[in-house]
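Structure first, then comments.
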Amino acid sequence: MKRPESSMRILWIPHAGWDIPQRAHLFTRMLADKHEIHVTDWIADFRTVQDYMSLRYLRNFTYRRRREGNITIHGIPRISPAIFSSRIRMFNQRLFTRHLNRLIERYSIEVVVGTYLVPPPEGVRVIFDLFDENVAGWKDVHPQIAGEIAAVENAYFQKADAIVAASSVLKEKAERLGVGQPVYHIPNGIEFDRFMAVRDQERQPLPGTEGFQVVGSVANYENPDEIDMIMSAARALRDEPLRFYLAGRGSALTYAQTIAEREGLTNVIFPGPVARENLADVMNQFDVGLCIYKRSPMDDARSPMRLLGYSALGLPTVATAVEEIRRMDFANVIGVEDATDSIVAGIQSALGMSRVVPDTIDQYDLNTLVARYEAVITSHDRPNPGA
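The sequence shown runs 15 to 401 under this note's numbering.
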């Protein structure tokens, strides 16, 4: 298919493996309708002995290429695990840089949208996608990795032609650390039309929830502390006519299932991941949405996609009062502390609320946000200082 004359060749570097739901999906899938989109895939989710003995692990040592619709996905070789060795991490980064430069040359890439995985390349327009407060997220867990991430981020702050921040908190960080390049606040978004289409439809009970009110969450569950809070709330409300519906994926889900089985918490349902095309329908069956975080500097800067979905449907939502959510000030949100008693009280209050769609939800319409991101990518407002 011939590219439109106004299209560009764009290489996007997501922060996680391509199969994991993430911010990069939101923008690249729509941009691919008009532009030639390439993305990198860097797999690091091997955890068990079986994982390390699998063919999938062996393939991770070689370059791979595949297509998904209009997007070309480039699998970058990587040695794993690397968390225990700075030498391996630096080797992986150098290997990534080598492949990145090859891709830029081979496909005549014009713009790179980068994240903290690899330093900014030279000779092309560079956009830094500041999607999370990753330095703060690693600081207490692994200070050395936090320092490595900070070094890459600082390289982008010095060399990027423009910076796109996923939250107003992150925008403030970029303005503080950047060197005068444009900084844009482009949050995560939702396909608003999908949610509007189902909002007034008659609700159909989700499997296992017939006759119960549903407290629902659709998320990536990676933090055991957050799972502990949700499961503690389920434990406290186990005698109420409720079902906790924890849809999604993540390493902490197995931990949650273990708790539920050990304690006989039959009021918690684990349906697995939800396909993108079914997300609005599933969320619409909830009575209350959950957006629970363990309060931290990293979480204060989040731009939570699930909150946007709940809010587009008007769902009463219980959310930890992290800084960015507090600034969003949605009328359907009950802000709570990261403590069981506060979460339980929030759920009980939310169950008595009517649905209300926040006045500002249309600011998070994905079509509008993609158009804004496209304008940043295709702009020529600043020559690349590294070129």
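Backbone N, C-alpha and C define an ideal beta-carbon position, used for all residues, glycine too.
Have a look at the options and flag the residue whose alpha-carbon is nearest the alpha-carbon of residue i.
i	options	result
Ala157	Arg257, Thr223 and Ser100	The question names Ala, but residue 157 in the sequence shown is Pro. Of the listed residues, the one whose Cα sits closest to Pro157 is Ser100.
Val229	Val138, Tyr324, Ala174 and Thr268	Tyr324
Glu236	Tyr269, Val296 and Glu254	Tyr269
Tyr71	Asp376, Asp59 and Asn381	Asp59
Gly303	Val370, Phe110 and Glu337	Val370
Leu260	Met243, Ala164 and Val138	Met243
Ile241	Ser20, Ala353, Arg92 and Pro135	Ala353
Phe142	Leu25, Val332 and Asp301	Leu25
Tyr170	Leu220, Asp376, His52 and Arg139	Arg139
Val364	Thr374, Val350, Asp373 and Leu322	Looking at the sequence provided, one finds Ala at residue 364 rather than Val. The shortest C-alpha separation from Ala364 is found at Val350.
Gln362	Asp379, Val296 and Ala250	Ala250
Arg479	Arg80, Val193, Arg276 and Gly31	Residue coverage of the chain in this structure runs from 15 to 401, which leaves residue 479 outside it and unanswerable.
Pro372	Ala359, Thr331 and Val358	Thr331
Gln6	Val296, Gly366 and Gly137	The question about residue 6 has no answer, for the chain in this structure spans 15 to 401.
Arg81	Ala266, Asp55 and Val132	Asp55
Val183	Met312, Tyr378 and Gln377	Met312
Leu117	Arg79, Leu380 and Ile204	Arg79
Arg252	Asp379, Leu279, Ser122 and Leu293	Leu279
Val127	Asp154, Pro219, Gly151 and Lys173	Lys173
Gln218	Thr62, Leu267 and Phe300	Phe300
Pro35	Gly151, Gly262, Gly192 and Gln107	Gly262
Which residues in the same chain as residue i place their Cβ atom closer than 7 Å to its Cβ, once the five residues preceding and following it in sequence are excluded?
i	result
Thr392	Met22
Pro255	Phe226 and Gln227
Ser94	Ala58, Phe60 and Asn74
Within its chain, find whatever has a CB closer than 6 Å to the CB of residue i; leave out the 5 residues flanking it on each side and keep chain order.
i	result
Ala188	Leu144, Ile177, Ala179 and Val197
Tyr130	Asn148, Ile163, Val166 and Glu167
Ser356	Val350
Met319	Asn202
Gln358	Note that residue 358 is Val in the sequence shown, not Gln. Answer for Val358: Ala247 and Ala250, listed in chain order.
Phe110	Ile90 and Val132
Ile87	Trp32, Val53, Asp55 and Arg80
Arg276	none
Tell me whether residue i is buried or exposed, calling it buried when 16 or more other Cβ atoms sit within 10 Å of its Cβ.
i	result
Tyr77	exposed
Ser368	exposed
Ile97	exposed
Asn202	buried
Phe258	buried
Phe75	exposed
Met67	exposed
Ala247	buried
Asp33	exposed
Glu147	buried
Leu69	exposed
Thr272	exposed
Arg316	buried
Val347	buried
Gln195	buried
Ala389	exposed
Glu119	exposed
Thr223	buried
Leu334	The question names Leu, but residue 334 in the sequence shown is Thr. Flag for Thr334 reads buried.
Met104	exposed
Ser20	exposed
Gly89	buried
Pro28	buried
Arg37	buried
Asp175	buried
Ala289	exposed
Asn298	buried
Pro397	Confidence at Pro397 is low in this model, with a pLDDT of 43, below 50, so the placement of that residue should be treated as unreliable; the coordinate-derived value is given next. With fewer than 16 Cβ atoms within 10 Å of its Cβ, Pro397 is classed as exposed.
Gly360	buried
Ala401	With a pLDDT of only 34 at Ala401, under 50, the local geometry of the prediction cannot be trusted, and no value is derived from it.
Gln377	exposed
Val336	buried
Gly161	exposed
Ser122	exposed
Would you verify that the beta carbon of residue i is, or is not, closer than 8 Å to some beta carbon of chain B?
i	result
Leu321	Chain labels in this structure do not include chain B; a single protein chain is all it has.
Skipping 5 residues on each side, what residues in its chain have a beta carbon closer than 8 Å to that of residue i?
i	result
Gly264	Ala233, Asn234, Tyr235 and Glu236
Ile85	Thr42, Arg43, Ala46, Ile51, His52 and Val53
Ser181	His199, Pro201, Ala315, Arg316, Ser317 and Glu338
Asn115	Pro135
Gly83	Arg43 and Ala46
Val125	Met22, Arg23, Ile24, Leu25, Val138, Arg139, Val140, Ile141, Ile391 and Thr392
Ile375	Phe206, Leu322, Ser325, Ala326 and Phe344
Leu380	Leu40, Met44, Gly203, Ile204, Glu205 and Phe206
Quiz item: Curious, which full-length alpha helix (DSSP H) runs of at least 4 residues does the region 173-253 contain?
Solution: 182-191, 206-213 and 238-250
Quiz item: Is the number of C-beta pairs between the region 274-291 and the region 307-315 that are closer than 8 Å three or more?
Solution: no
Quiz prompt | Residue ranges of each alpha helix (DSSP H) within the region 353-379, 4 or longer | solution = 354-364
Self-check item: Any 3 or more C-beta pairs closer than 8 Å across the region 326-336 and the region 202-212
Solution: yes
Quiz prompt | the region 377-390 in contact with the region 42-50 per 3-pair CB rule at 8 Å | solution = yes
Exercise. Could you pull out every unbroken beta strand (DSSP E) segment of at least 3 residues lying fully inside the region 58-90, listed in chain order?
Key: 78-82 and 85-89
Quiz item: If you scan the region 267-331 from start to end, which runs of the alpha helix (DSSP H) of 4 or more residues do you find wholly inside it?
Solution: 293-297, 311-314 and 319-326
Quiz prompt | alpha helix (DSSP H) runs wholly inside the region 127-160, at least 4 long, in chain order | solution = 148-153
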